[in-house]
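Report on one structure; see the data block that follows.
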Amino acid sequence: MLSLEQIVRDPEKFRAALTRRGEDPPIDRILELDGRRKELIQTADADRATRNNVSKTIGNEKRKPTPEEIAEMRETGDRIKSVEGELATVLEELNDTLLPIPNTPLDDVPDGLDEGSNVVVRTSEGPTDTHGIAHWDVAVDLGILDLEAGASISGARFYVLKGKGAKLQRALAAWMLDVQTEEHGYTEIDPPLLIRQETMIGSGNLPKFRDNLYRDEESDLWLVPTAEVALNGLHQGQIIDPDTLPLKYVAQTPSFRKEHTSAGRDVRGIKRVHQFEKVEMFRYVEPEGSDDILEEMVGEATVLCERLGLTYRVLQLCAGDIGFQSAKTYDIEVWSPGSAEWLEVSSISTCTDFQSRRNGTRYRPEVGASTRLPHTLNGSGLALPRIWIAVVENGLQEDGSVAMPEVLIPYTGWSTIEAL
RNA sequence: GGAGGGGUGGCAGAGCGGUUGAAUGCGCUUGUCUUGAAAACAAGUAUGUCGGUAACGGCAUCGCAGGUUCGAAUCCUGUCCCCUCCGCCA
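Sequence positions in the first sequence follow the numbering used here and run 62 to 481.
Shown next, in the form of structure tokens:
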């Protein structure tokens, strides 16, 4: 959520920033509602002050109220109630107006309204040739991926990993978690996967993206579309103690996404599925220098690609293509030699104070100081099925077997997936 | 699922209709004392919001939402969460 106070102070700045994203924010309505809000608060507070004074006097003097006082205070009470009712309506509309407005892009985010304007920041060394044997062929032939079983159990866009395929995914996840915890200082978290509505609002997934979320009606719980949601909720409503920032969390969880808006895209294999595993990094940091932290996190994700021997590139997303809660985003893509395309395996964003404001997550810089909103950053490190695809396609050898990257062998316990 | 108990400030814990934003203790901060530290003593120590350049003042908040009342942390209703016992269960 954007700061109401800041919007009121400099509405044109916000209008301009949001226009870069292709939004047409209802700034005028917000200003109008805020004006009304302040008026109503002042009226109600003044009435309450009178009522408090009268009650206090009666209490002090240890006497019964006079009939006049009772009549007068009843009237005051009624007026307060009606003003409060009106205020509640105004606040609700204000909230409903602000919640669907996305974060403002940082100044150095490139202009552009769609992915065509994204900028390739860097491409790694490594081949970008193709052998034309995609994972949906080779992995199925090797007996490590069963698309039909996935479909029969759960329907389209579900899949089953088998044997060494399942172990490969587990090895990848375990290795990534170890790198993030042991080398990059993250604390591993195993969060709930069913999430309350408030927590979903806090991360920015609700109210705008309910169409892409799975939900249990009866308990009113939502399935995580990414561990970001849970990690972002870890400190909601809290004031984080001095000297505890930065907080760095990493979690491996499934991600559940309906993805029905993009039917027809990435349909083959397991590039785009309803349930996939992902290792997610999340940091709460002081606002100063949070931009540099974003760059650092890109490094924490690309190092994984490097060690797996994958060719990758880093994209900076343009203003129109960054996510709802993001102020600046880098995507990392790895080369798929089987289908001759780049696969997005990570999206790394700074959400500035957008999520912490929604969440009521604050921190105290030092003892006695007033509270501030921390910045939150998130990034995949990395998304598993696509990395799995790249590892399998990249390791494919002449004889049809798949060679494992060195770093994974301690985790898999074997170095090749043999052809059947 | 059944029966009972409970949710108050950073923590512990009073208060159960009227100068209670809230006793007391602990913790924390600052000061005095001390060569320094400890101890002791003193002062301070919630969040949000409205007005104000500020000093400061008003208002709100005792899980949450309603209600009763001139007045609610205190009474009533609903709801969420926690604990104990029984049942069920990976």
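By construction, the Cβ of each residue, glycine as well, lies at the ideal position given by its N, Cα and C atoms.
Helix, strand or coil at residue i [DSSP, three-state]
i, result
"ILE205", "coil"
"ARG124", "coil"
"PRO315", "strand"
"VAL453", "helix"
"GLY330", "coil"
"LEU306", "coil"
"VAL484", "Past the boundaries of the shown model lies residue 484; the chain is included only from 62 to 481, so the question cannot be answered."
"VAL428", "coil"
"SER417", "helix"
"SER400", "coil"
"ARG433", "strand"
"GLU459", "coil"
"PRO471", "helix"
"GLY350", "coil"
"GLU84", "coil"
"LYS223", "coil"
"ASP71", "coil"
For residue i: DSSP bridge partner residues
i, result
"ALA464", "THR477"
"GLN336", "PHE317"
"GLU523", "Because the chain is modelled from 62 through 481, residue 523 falls outside the range shown and cannot be assessed."
"LEU438", "ARG344, THR411"
"THR423", "Note that residue 423 is Arg in the sequence shown here, rather than Thr. Answer is ILE300, bridged to ARG423."
"VAL395", "TYR373, LEU404"
"ALA444", "LYS339"
"ARG112", "Per DSSP, none; premise fails for ARG112."
Residue i Cβ short of 7 angstroms to the ligand COA heavy atom set
i, result
"ARG418", "What this structure holds is no ligand at all, so the ligand COA is not there to describe."
Under 8 angstroms between C-beta atoms of residue i and residue j
i, j, result
"ILE409", "GLY384", "no"
"ALA78", "PRO171", "no"
"THR422", "ALA388", "no"
"VAL221", "ALA210", "yes"
"LEU284", "LEU255", "yes"
"ALA451", "SER397", "yes"
"ALA11", "LEU469", "Within the shown structure, residues of the chain are numbered from 62 to 481, placing residue 11 beyond reach of any answer."
"PRO253", "ALA291", "yes"
"SER64", "THR372", "no"
"ILE141", "ALA105", "yes"
"HIS28", "THR411", "The structure shown has nothing for residue 28, since the chain only spans 62 to 481."
"LEU203", "ILE478", "yes"
"GLY442", "MET237", "yes"
"ARG218", "ARG329", "no"
"LEU438", "SER417", "no"
"ASP169", "GLY381", "no"
"GLY399", "GLY187", "no"
"HIS245", "GLU338", "no"
"VAL359", "TYR391", "yes"
"MET62", "ARG368", "no"
"GLU84", "PRO163", "yes"
"THR158", "PRO72", "no"
"LEU282", "ARG257", "yes"
Next on the checklist: Whether or not the segment 445-461 and the segment 86-103 are in contact is what I'm after, with contact meaning three or more pairs of Cβ atoms, one per stretch, closer than 8 angstroms; do they touch?
Outcome noted: Because the criterion of three Cβ pairs below 8 angstroms is not met, the segment 86-103 and the segment 445-461 do not touch.
Item to check | Complete runs of the beta strand (DSSP E) confined to the segment 141-221 [at least 3 residues] | outcome: Under the rule that a run must span 3 or more residues, the beta strand (DSSP E) segments found entirely inside the segment 141-221 read 180-184.
Checklist entry - Counting pairs of Cβ atoms below 8 angstroms between the segment 371-381 and the segment 415-427, do you hit three or more? => result Here the segment 371-381 does not lie against the segment 415-427, with fewer than 3 beta-carbon pairs under 8 angstroms apart.
Next on the checklist: Which complete alpha helix (DSSP H) runs does the segment 358-393 hold, if anything under 4 residues is left out?
Outcome noted: Counting only runs of 4 or more, we get nothing.
Item to check | Every unbroken beta strand (DSSP E) inside the segment 241-297 [3 residues or more] | outcome: Here the runs fully enclosed are 248-250, 255-257, 282-284.
Next on the checklist: Does the structure place the segment 305-318 close enough to the segment 340-352 that three or more beta carbon pairs sit under 8 angstroms?
Outcome noted: The segment 340-352 makes contact with the segment 305-318, as at least three CB pairs between them are under 8 angstroms.
Next on the checklist: For the pair the segment 134-152 and the segment 96-105, tell me if three or more CB-CB distances fall below 8 angstroms.
Outcome noted: Under the 8 angstroms Cβ criterion, the segment 134-152 counts as touching the segment 96-105, having at least three qualifying pairs.
Checklist entry - Can at least three beta-carbon pairs, one atom from the segment 264-271 and one from the segment 285-293, be found at a separation below 8 angstroms? => result Flag = yes, the segment 264-271 and the segment 285-293 touch.
Next on the checklist: So, does the segment 197-208 touch the segment 291-302, judging by three or more C-beta pairs under 8 angstroms?
Outcome noted: No, the segment 197-208 does not touch the segment 291-302.
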